[in-house]
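Structure record follows, encoded as structure tokens.
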Amino acid sequence: MRLLLIEDEEALCQELAAELGRRGFAVDISHDGIDGVFMGETEPYDVIILDLGLPGLPGLDVLARWRAAGISTPVLILTARGAWHEKVDGFHRGADDYLSKPFHIEELVVRLQTLVRRSSGHGGAELAIGCLKLDEQRQIALWQAAGQWREIDLTGIEFRLLRYMMLYPKRILSATQLVEHVYDFNDEKDSNVIEVYVSRLRKKLHRELIRTRRGQGYVLDPTVLLADGAGDKPPAQTD
Ligand code: CA
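Taking our numbering, I'd label the letters of the sequence shown as residues -4 to 234.
Put into structure tokens, the structure is as follows:
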């Protein structure tokens, strides 16, 4: 999933971006409020981390501008420890969550994952559809067959792609859209590679899990995951 990090402390920013990248986020960085407003308005982020004390434009004003422009991307604000009034102001301006500095990366990550799941309409504590679930911590898929959960290893891009498609099942997702949510701004983007990764996911999971809509994109079809005894059919099938 695509994440925007707006934070002016260079060292914290680099450290966070690297750590979030390892955990399956495609991270773009901005160091000031004006640039940050623009990026949040023009790129399709799934979640945003916003520091409040920023050069150019304060974080609360950045947030207010997005909300006034109808941008509903979930925003987690970073506040100073004990600054309860900043949290209250943040929620009034449309923040979805907050974290006080200093914080543990684990807490930040679970909060981000929860924000993204909630905003895509998933209520559960994990990303699961029928006999398929994702372990976001370990970046693997789990497939249930005959009551047993079998682990299926995924590469970094396969994990990001499957996670995005599981967040939005039944929806037509174009190759361009998928690329935008799987890769960050600086990555070499080529929407043709999506076909390759989709076909790998079909082979690893189920060949009818992802359907191609010619000229439109791809749809994760949950039917094969929800049918009675769905997982009992062998998941790994070759095309
Ligand atoms: Ca700051």
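The beta carbon of each residue, even a glycine, is placed where N, CA and C say it ideally should be. Source: prediction; values computed, not measured.
Beta-ladder partner(s) of GLU146, from DSSP: LEU137
Collapsed DSSP secondary structure at ALA222 in the structure displayed: coil
Inter-residue CB distance, LEU107 and LEU71 (contact presumed, cutoff 8 angstroms): Approximately 7 angstroms separates the beta-carbon atoms of LEU107 and LEU71; this is inside 8 angstroms, confirming the contact.
Cβ-Cβ distance between MET(-4) and ASP27 below 8 angstroms: no
Simplified DSSP state of TYR213, which is helix, strand or coil: strand
HIS201 versus ASP3: straight-line alpha-carbon distance, rounded: 44 angstroms
Segment contact flag, the stretch 117 to 135 with the stretch 161 to 174, C-beta cutoff 8 angstroms, min 3 pairs: These segments touch.
Local Cβ density within 10 Å of GLU10, reported as buried at 16 or more and exposed below that: Under this definition GLU10 is an exposed residue.
Alpha-carbon to alpha-carbon, GLU101 and ILE189: Going by the C-alpha atoms only, they are around 30 angstroms apart.
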